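The structure appears right after this line, and notes come after that.
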Amino acid sequence: MTVKELAGTLGLEILTGDINLDRQVGSGYTSDLLSDVIANIGDDAVWITIQRHVNILGVAKLKDVSAIIIPRNLGLEEAFLNKAKEEGIAVLRGAQSAFELSASTYNEMKRGRGVA
Amino acid sequence: MVDSLTYTPKITLEFEIGEKDFFIAGECASRVKKTLQQLGLKQDVIKRIAIIIYEAAMNVAIHATSGRLIVHVDPDAITILTQDIGAGIEDIDLAMKEGYSTATYEIREMGFGAGMGLSNIKQCSDGLSIESKVGVGTNLEAKVFFRNEKKAVEDT
């Protein structure tokens with residue numbers, strides 16, 4: 011499943027244009043503690059977080075995330091989105107809570123793999 | 002992918018870290034990661050090294066007024082050093098405990114300062130030493146040996 015497919019299925023808003031949309035989504039992680047993310051996020055992961063300051067992009071870049079997903083339609087600053095584009099990181103946003111986004115993403119992944 | 006290098010790369014990378022310069026931590030780790038990937042080191046080792054660098058650089062950005070991060074790459078090991086001028090650590094054993102943090106509320110609210118930094122560094126390194134003087138600053142040295150990874154990687 012690609013970032014674009016996930017965004018389509020979950021009805022997520024794509025805030026960074028065409029950036030990274032064809033990237034595969036291989037796993038997911040939900041956390042707002044950066045040390046936790048650094049230590050535990052998997053490969054090709056979507057990262058669900060309410061953190062929205064530019065410094066999280068350093069973590070996203072280092073862990074080479076597939077996309078960042080922001081829950082509850084939380085507001086984002088222009089500077090954050092510009093930096094994300096500059097670093098080549100896709101940022102998506104949904105109306106759902108982090109819990110709901112995690113569950114839906116997980117189910118989609120499972121379905122995509124044919125295990126469900 | 003190799004578990005130790007067959008030549009002496011003579012690589013030293015150095016980064017200046019300013020007070021509250023949080024973005025640089027990710028930058029340092031990303032740049033070292035890229036260099037190590039070019040050297041062909043195993044992904045598992047690179048991941049551990051990147052965590053150490055990120056956490057060590059974040060500690061400098063959060064707790065010091067200025068500092069630097071130095072990375073030495075040798076054929077069989079990598080050494081990560083941070084040297085800073087700043088608050089220092091009063092009780093190193095306590096600081097090593099997961100969850101213990103002296104970071105301010107503002108910093109924690111950003112998702113930093115969760116008290117996981119030093120324990121993450123310890124878990125990822127093969128050797129760690131910290132010297133600190135309150136009100137003066139902290140020196141940290143972490144080592145990762147490449148050969149130690151061989152079995153762990155083969156098992157996966």
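Protein chains in written order, with the working numbering: chain S, 11 to 126; chain Y, 2 to 157.
Using N, Cα and C, we set each Cβ at its ideal position, and we do this for glycine too.
Since we're looking at a predicted model, the values are computed, not measured.
Report yes if the C-beta distance between residue i and residue j is below 8 Å; otherwise report no.
| i | j | result |
| --- | --- | --- |
| Ser41 (chain S) | Val35 (chain S) | no |
| Ala77 (chain S) | Val13 (chain S) | yes |
| Asp20 (chain S) | Leu91 (chain S) | In the sequence under discussion, the amino acid at residue 20 (chain S) is Leu, which differs from the Asp named in the question. No, Cβ-Cβ distance for Leu20 (chain S) and Leu91 (chain S) is not below 8 Å. |
| Ala58 (chain Y) | Leu70 (chain Y) | yes |
| Leu190 (chain S) | Tyr106 (chain Y) | Only positions 11 to 126 of chain S appear in this structure, which leaves residue 190 (chain S) out of reach. |
| Pro81 (chain S) | Ala108 (chain S) | yes |
| Ala70 (chain S) | Ile24 (chain S) | no |
| Met97 (chain Y) | Ser45 (chain S) | no |
| Phe147 (chain Y) | Ala51 (chain Y) | no |
| Lys93 (chain S) | Val56 (chain S) | no |
| Gly87 (chain Y) | Gly138 (chain Y) | yes |
| Asp85 (chain Y) | Ser67 (chain Y) | yes |
| Glu17 (chain Y) | Thr80 (chain Y) | no |
| Leu43 (chain S) | Gly100 (chain Y) | no |
Let me make sure I understand the geometry here. Which of the options has the alpha-carbon closest to that of residue i?
| i | options | result |
| --- | --- | --- |
| Lys48 (chain Y) | Y:Ser126, Y:Glu142, Y:Glu99 | Y:Ser126 |
| Cys29 (chain Y) | Y:Ser130, Y:Ile86, Y:Leu82 | Y:Leu82 |
| Asp75 (chain Y) | Y:Asp22, Y:Val137, Y:Gly27, Y:Leu42 | Y:Leu42 |
| Ile31 (chain S) | S:Ser45, S:Gly85, S:Gly52, S:Val75 | According to the sequence displayed, residue 31 (chain S) carries Leu and not Ile. For the residues S:Ser45, S:Gly85, S:Gly52, S:Val75, the minimum Cα distance to Leu31 (chain S) belongs to S:Val75. |
| Val72 (chain Y) | Y:Leu6, Y:Glu15, Y:Val135, Y:Glu132 | Y:Glu15 |
| Ala65 (chain Y) | Y:Thr80, Y:Gly100, Y:Thr36, Y:Asp22 | Y:Asp22 |
For residue i, count the other beta carbons within 10 Å of its own beta carbon; 16 or more makes it buried, fewer makes it exposed. Which is it?
| i | result |
| --- | --- |
| Asn83 (chain S) | exposed |
| Lys11 (chain Y) | exposed |
| Thr59 (chain S) | buried |
| Thr13 (chain Y) | exposed |
| Ala26 (chain Y) | buried |
| Asp156 (chain Y) | Since pLDDT at Asp156 (chain Y) reaches only 44, below the 50 mark, its modelled position is unreliable, and the value read off the structure follows with that caveat. Asp156 (chain Y) comes out exposed. |
| Gln38 (chain Y) | exposed |
| Arg121 (chain S) | exposed |
| Gly52 (chain S) | exposed |
DSSP three-state call for residue i: helix, strand or coil?
| i | result |
| --- | --- |
| Asn117 (chain S) | helix |
| Asn30 (chain S) | coil |
| Glu155 (chain Y) | Because Glu155 (chain Y) sits at a pLDDT of 45, beneath the cut-off of 50, its placement in the model cannot be relied upon, and the point is left open. |
| Ala54 (chain S) | Note that residue 54 (chain S) corresponds to Asp in the displayed sequence, not to Ala. If DSSP states are grouped into helix, strand and coil, Asp54 (chain S) belongs with coil. |
| Gln44 (chain Y) | helix |
| Lys73 (chain S) | coil |
| Gly68 (chain S) | helix |
| Tyr55 (chain Y) | helix |
| Gln38 (chain Y) | helix |
| Glu15 (chain Y) | strand |
| Ser133 (chain Y) | strand |
| Gln106 (chain S) | coil |
Consider the C-beta atom of residue i and the heavy atoms of the ligand MG; say whether any pair is separated by less than 7 Å.
| i | result |
| --- | --- |
| Gly138 (chain Y) | Judged by which ligands are present, the structure shown has none, so any question about the ligand MG falls away. |
Against chain C, with Cβ distances strictly below 8 Å, would residue i count as a contact?
| i | result |
| --- | --- |
| Asn65 (chain S) | This model lacks chain C altogether; the protein chains it does include are S and Y. |
Am I right that residue i and residue j are in contact with their C-beta atoms under 8 Å? What's the rounded C-beta distance?
| i | j | result |
| --- | --- | --- |
| Gly68 (chain S) | Phe24 (chain Y) | 5 Å |
| Val135 (chain Y) | Gly89 (chain Y) | 4 Å |
| Leu22 (chain S) | Glu118 (chain S) | At roughly 11 Å, the Cβ-Cβ gap does not stay under 8 Å, so Leu22 (chain S) and Glu118 (chain S) are not in contact. |
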